[in-house]
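A quick write-up on the structure given underneath.
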Amino acid sequence: MHSDQGLLEAAALLAMMAFCHVAICARLGIPALVGFLLSGIVIGPSGLGLIAEGATLTLIGEVGVILLLFALGLEFSLDKLVSLRRLIFGLGLAQVLVVGGLVTVGLLVFTEIAPAAAVLIAGAVAMSSTALCLKVLAGGDALGTPQGRVAIAVLLFQDLAAVGFLAFHDVIAAAGAVGSAHDVLKMVGGMGVLVGALFIARSMLQRLAGWVATQGEAELAQLLALTVALLAAIIAQVAGLSPALGAFTAGMMIAEGDARQFVEREIRPFRDLFVGVFFIGIGTQLHIGAVWSTWPTVLAWLFVLMVVKLALVVALTRMFGEQLETALRAGAILAHGGEFSLMLISVTTASGLLQSKVAEPLFLALGLSMLIGAVVVRRAA
1442 MHSDQGLLEA AALLAMMAFC HVAICARLGI PALVGFLLSG IVIGPSGLGL
1492 IAEGATLTLI GEVGVILLLF ALGLEFSLDK LVSLRRLIFG LGLAQVLVVG
1542 GLVTVGLLVF TEIAPAAAVL IAGAVAMSST ALCLKVLAGG DALGTPQGRV
1592 AIAVLLFQDL AAVGFLAFHD VIAAAGAVGS AHDVLKMVGG MGVLVGALFI
1642 ARSMLQRLAG WVATQGEAEL AQLLALTVAL LAAIIAQVAG LSPALGAFTA
1692 GMMIAEGDAR QFVEREIRPF RDLFVGVFFI GIGTQLHIGA VWSTWPTVLA
1742 WLFVLMVVKL ALVVALTRMF GEQLETALRA GAILAHGGEF SLMLISVTTA
1792 SGLLQSKVAE PLFLALGLSM LIGAVVVRRA A
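To get the working numbering, take the position in the sequence shown, counting from 1, and add 1441.
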């Protein structure tokens, strides 16, 4: 009974703080995501300590990211994805390789970090926040703009690359050469299983979504999205892939039908609330007090994330034939860390591949870059 009361008090506190911060941000014309992050910082362990990082908060946030990727899939039919293949597998690949490669070389030359840990850190720095970018771009109707198109293409490849970095971590942590080949085969096979399962269910999903649209009930659309997205996420996870990637693929299958706009419109408030909880969870993990003892390192990582990364993305985007304005805007949209960045650093530290004294300033810089990035992305979009 007491635990139930404590849970209700925590939920009420969470809602109140989020409301206050988001209201202030709305008044100042700042994206709501900043309010969610600030709420997490204020009520988390590094703030007032009113709420601890919890499994429930993390779980709700993960569902939010899954729904967000499902909604992204609704924006991208198979034809649209094929039309963006040059940007996804060209510019996206180049961005991860160039940013990741330079960070890896820099770490190996100027620090004593082990090569495997350097690669994983580089992967974290190369990532941007899909959740943040999609939320802001969709809210400003900027997904169809040239800079939105470039940013989404790069983010899609980053999500694919994140699966590879996590698999690389698992192989190194297990220290098994045989496991390396096994994991690669498992990943390729898993992708085949996911695409095959969803392709078989494609016609049924489209008919079901069409029926939901004819009923005109928002609750049906929300339950359909939640069910399909979570089932696809489970299939992807069982196949050794990112759950978010499974949700994206499922959304893309439904996007081929006529009910896309109805489903997308009705799940938006439901999705945004879950995503908000995800960013509150990130806020609770940011130990702001540590900035004062590690501020030179935090500033150095912020410079890499928000200045060096911007410059590299602008240069690469121009090399792929985009206009300078588009390149500058796309670079600004992508110049921050992401949720997969935080995940990579967390698992690398937990497995002992990276010392916590090295990870903490980077983790802080990643979180702060997302906080600043929420404002920058809105201006750039």
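Don't be surprised by glycine CBs; every beta carbon is placed ideally from N, CA and C.
query, result
"Inter-stretch contact (C-beta, 8 Å, three-pair minimum) for the region 1772-1790 and the region 1805-1816", "yes"
"Short Cβ contact (8 Å threshold) for L1474 with F1781", "no"
"Buried versus exposed call for P1737 [16 or more other C-beta atoms within 10 Å across all chains shown]", "exposed"
"G1779 at chain D interface by Cβ criterion, 8 Å", "No chain D appears in this structure, which consists of one protein chain only."
"Through-space distance from L1769 to R1820, alpha-carbon basis", "12 Å"
"Straight-line Cα distance separating I1482 from G1490", "9 Å"
"F1870 and L1528 closer than 8 Å at C-beta", "The structure shown does not extend to residue 1870, since the chain spans only 1442 to 1822, so no value can be given for it."
"Spatially closest choice to M1694 from A1583, G1651 and F1530, by CA coordinates", "G1651"
"Secondary structure of M1568, DSSP reduced to three states", "coil"
"Candidates A1559, A1603, A1673 and C1466, of which the one nearest V1849 by Cα", "Residue 1849 cannot be examined here, being either before or after the span of the chain that is shown, 1442 to 1822."
"Which of helix, strand or coil DSSP assigns to L1785", "helix"
"Burial state of R1712, where buried means 16 or more other Cβ atoms lie within 10 Å", "buried"
"Same chain, Cβ closer than 6 Å to A1688, five either side skipped, listed in chain order", "I1507, L1510, F1511, A1670, A1673 and A1674"
"C-alpha gap between V1537 and G1485, whole angstroms", "32 Å"
"Assigned exposure category for G1637 - 16 Cβ within 10 Å defines buried", "exposed"
"Chain-order list of residues whose beta-carbon lies under 6 Å from that of L1525 (same chain, five-residue window excluded)", "A1594"
"Close beta carbons around L1649, own chain, < 7 Å, minus the five adjacent residues each side", "L1665"
"Whether A1567 touches V1540 by CB criterion (8 Å)", "yes"
"Straight-line gap, V1745 to G1808 (C-alpha atoms, nearest Å)", "14 Å"
"Assumed close pair A1592, L1757 - CB separation to whole angstroms, cut-off 8 Å", "Not really, about 13 Å apart at Cβ, beyond 8 Å."
"Buried versus exposed, by CB contacts within 10 Å (16 or more), P1802", "buried"
"As assigned by DSSP and simplified to three states, the class of D1713", "helix"
"Cβ neighbour criterion (16 or more within 10 Å) applied to A1602", "buried"
"Whether V1818 touches V1463 by CB criterion (8 Å)", "no"
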